[in-house]
Structure formats: structure tokens, C-alpha cells
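Residue numbers for the sequence shown follow UniProt numbering, so the first one is 1 and each next one is one higher.
Cβ coordinates follow ideal geometry from the N, Cα and C atoms, glycine included.
Note that the structure is a prediction, hence the values are computed from the model and not measured.
See below for the structure under consideration.
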Amino acid sequence: MANLPYKIVRILNEVRRSADQSINEMDKKIEHLSSKYDQVIQENAKMHKEFQDTIKSMQNSNQPPIINDDDNEDVVMETRARKRTGSVSLARNKTRESRSRSKVHAKSTRRRSRSALVMKTKRRRVAKKRSKRGKSRRRTLK
């Protein structure tokens, strides 16, 4: 019984030592992560400032902020028109402004063909008939 307090003190000292060690490790990790966080914030601020500067320079030069060149944009407009109407000549004849003004049936980018729609309705009808097959007989039996 006389050794009990000494053992308790020794165990408490070990626990305190391990706790201090883990706290020190956590402090090091926290410092490392906070320095990384500060770096990321600085880089973000730098990039944001560069972005704002480019926007201001574009506004000062009175140019619309179009990243793509005109040729690429014409190709995109032609493919869009082909998807909508099926004709490329329509898109070629129109100017850029009038093309953007008259968006022809832009309900969906990819339209279904007529035959696909017909097949879909046929499948629906057949499924409906199949589901009805035994219903009338079942009703009369009740």
C-alpha cells in the first residue's frame, strides 16, 4: 500500500509527458498548416489582382472580353445552327449580331428524328396494351 502513491505519481508523469509530446506535435502541424493557408491566401489575392487588372485593361481598350477568336466562334455558331435547323448556309449568310438575335428553336441542343419519336410512341402504346392484358378479366371475376 505504501508504494501506491509513488506508482500513481509515476503513471501521472508518464501521461503528462505523452500529452505534452502530442500537444507539441499538434502545434507543429497547426503551424505548418497555417503557413500553408497563408501562402494560398496570398497566391489567391495575387491572382485576383491580376484578374482585375486584365479586366480593367480590357475595359480601357474598349474591346469586348472575347477569349475565342472570330473564326472559332463562327464554327461554333455553324455547328449550333446545323443542330437546330439542319442548314449551314443559313448560319453563314447571317452576320454575328443577327445570329445571336435569332436563336432558331433553341429548345434542345439535340433534336430527335421523326422516326425516333414514332418508335417511342409505338413502344408506349405496346407497353400500355401489355399492362392492360388481364385487367378486364380480373375485374369481372371480382
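Alpha carbon to alpha carbon, what distance is there between residue j and residue i?
i	j	result
residue 124	residue 130	10 Å
residue 133	residue 113	31 Å
residue 20	residue 54	51 Å
residue 25	residue 31	10 Å
residue 37	residue 4	49 Å
residue 29	residue 57	42 Å
residue 51	residue 16	52 Å
residue 14	residue 6	12 Å
residue 147	residue 43	Because the chain here runs from 1 to 142, residue 147 falls outside it and cannot be looked at.
residue 118	residue 136	28 Å
residue 41	residue 18	34 Å
Buried or exposed for residue i, going by 16 or more other Cβ atoms inside 10 Å?
i	result
residue 1	Only weak support exists for where residue 1 lies, its pLDDT of 46 falling under 50; the value from the coordinates is given anyway. The residue in question, residue 1, is exposed, as its Cβ has fewer than 16 Cβ neighbours within 10 Å.
residue 10	exposed
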